[in-house]
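A short write-up of the structure that comes next.
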Amino acid sequence: MKVLITGGAGMIAYSLIPLLLSGLMFSDEMIDLNLLDIDFAKNRLEAVKMEIEDSNFPKLNSLIATTEIEVAFKNIDVAIFLGGFPRKQGMERKDLLLKNFEIFKSNGIALEMYAKKTVRVLVVANPANTNCLICDHYSPSIPSKNFTCLSYLDQERLTGLVSRKLNVKPKNISNLIIWGNHSSSMVPDTNNLLVNTNLLNTNLVKINSEKCVLDNDEINLVKNRGSSVIKKRGLSSAMSAANAIMKHMKVWFNGSNDKIVSFGIKTNNNYNLKNNLFVSLPVTTKNFNFEIVDNLNISTIIKEIKQSVEELEEEYNTIKNKLN
Ligand code: NAD
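Residues in the sequence shown are numbered consecutively from 47, following my numbering.
And the structure:
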């Protein structure tokens, strides 16, 4: 399996590469790994390559570290987009969108020109949802269902919180959902929570919903977790982001066994939300495909979900004149 990671010299890549090359993402598949970064990071990229060579990872078949787009995108099966322009102090959200527009336009065009038509894409670099929309727009011959953006980290943050609150191991918790944008407007949802109460892994029950209702402080903890990490670390989440990327790809590839997970995907008449935006929604997955779960009762949270989708519409309006 040929996997491209852009931003290959960055922090998340540094945590992600060992997970990928140890077989945690794509099980037994051998990996041809292409790392792309920009000229500015050439030395750091070379050093990452050296460290990979010194690690003798069991699933590595071949390795390319390059700053050339064509070399990086040629015949890829999977693209994980970490490379982007970081938000600098004093920078408006709009400026960040416009800076990243050019990068994701170029990623989209390169996918169209060089990648396999079956390529599966995960966008992580922020603003992830709108970057994903741009990329999809510039790859018209690749199905939109092959494009996703990351909300799994938000889902993991919610799972961790619920696990601590209920004193249940995270592996026994499922069907927690993140709706909306990957921003503080997201809507964490515990209404469909399932807890496995028996160790034989067969007895999934819907627990007393009162027990898992989150108060405002808990909801805000999930929504603002990213900023809290930045405040303390001085840098954005990298280890947990890599872990979430690994789980997103793994569950997409291997299937979710009918459990619900949250993927940022293109809307298509779902829950009366505006169409053609990339929004975090509940899905089930199988064989590197997903199906949207579109029959959940969201009457108590629909207002918040719509607000988060409005934010995505504003992001879209900022860049729509540039899309051609
Ligand atoms: P980083 O700054 O450490 O690394 C980014 C790398 O991208 C750098 O090496 C940079 O040189 C490279 N880059 C810049 N422009 C590029 C381009 N055009 N092509 C290829 N590479 C390019 O950042 P990081 O900590 O690895 O985070 C990566 C991105 O992920 C950031 O945008 C961050 O905000 C985002 N992020 C998203 C989530 C999420 O849940 N969606 C979580 C954490 C971080």
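Beta carbons are placed, not taken as given, at the ideal position from N, Cα and C, and that holds for glycine.
In its chain, beyond the 5 residues on either side, Glu-158 and Lys-163 have a beta carbon closer than 7 Å to the beta carbon of Ser-187. Within the DSSP bridge table, the entry for Ala-125 names Leu-50 and Val-167 as partners.
For Glu-337, the three-state secondary structure derived from DSSP is strand. In the displayed model, Leu-91 falls within a helix according to three-state DSSP. Between Glu-350 and Asn-227, the C-beta spacing is not below 9 Å. Distances from the alpha-carbon of Tyr-317 to those of Asn-341, Gln-201, Asn-335 and Phe-72 put Asn-341 closest. For Lys-332, DSSP records a beta bridge to Asn-335. Judged by DSSP in its simplified three-state form, Leu-109 adopts strand. A straight line joining the alpha-carbon of Asp-100 with that of Leu-70 spans about 19 Å.
In the three-state scheme derived from DSSP, where H, G and I count as helix and E and B as strand, Pro-186 is classed as coil. For Lys-120, the three-state secondary structure derived from DSSP is coil. Judged by DSSP secondary structure, Val-241 falls within the beta strand (DSSP E) whose first and last residues are 240-242. Secondary structure at Leu-327: strand, using DSSP grouped into helix, strand and coil. Per the C-alpha coordinates, the member of Pro-234, Met-137 and Met-96 positioned closest to Thr-205 is Pro-234. Residue pairing by DSSP places Thr-194 opposite Leu-168 in a beta bridge. Measuring C-alpha to C-alpha distances from Met-96 to each of Ile-63, Asp-74 and Glu-202 identifies Ile-63 as the nearest. Beta-bridge annotation (DSSP): Leu-81 is paired with Ile-51 and Ala-111. In the structure shown, the three-state DSSP call for Lys-277 is helix. Lys-312 sits close to Lys-191, with the two beta carbons spaced by under 9 Å. Judged by DSSP in its simplified three-state form, Ser-152 adopts helix. In the DSSP secondary-structure assignment, Asp-235 is bridged to Ile-223. Between ligand 1 and the CB of Thr-205, the shortest heavy atom gap is not smaller than 8 Å. In the same chain as Leu-67, and ignoring 5 residues on each side of it, the C-beta atoms closer than 8 Å to its own belong to Ile-77, Leu-79, Ile-98, Ser-101, Phe-103, Pro-104, Lys-105 and Leu-106, in chain order. For the pair Val-94 and Ile-126, the CB atoms are not nearer than the 9 Å cut-off.
Short note on Asp-141: C-beta not closer than 8 Å to any heavy atom of ligand 1.
Three or more beta-carbon pairs separated by less than 8 Å link the stretch 174-184 to the stretch 320-330, which places the two stretches in contact. Among the bridge pairs identified by DSSP, Val-307 is matched with Val-329. The beta carbon of Met-285 sits closer than 7 Å to the beta carbons of Ser-61 from its chain, once the five residues preceding and following it are set aside; these are given in chain order. Linking Lys-352 to Ala-161 through their CA atoms gives a straight-line distance of about 34 Å. The Cβ atoms of Lys-368 and Phe-147 lie closer than 9 Å to each other.
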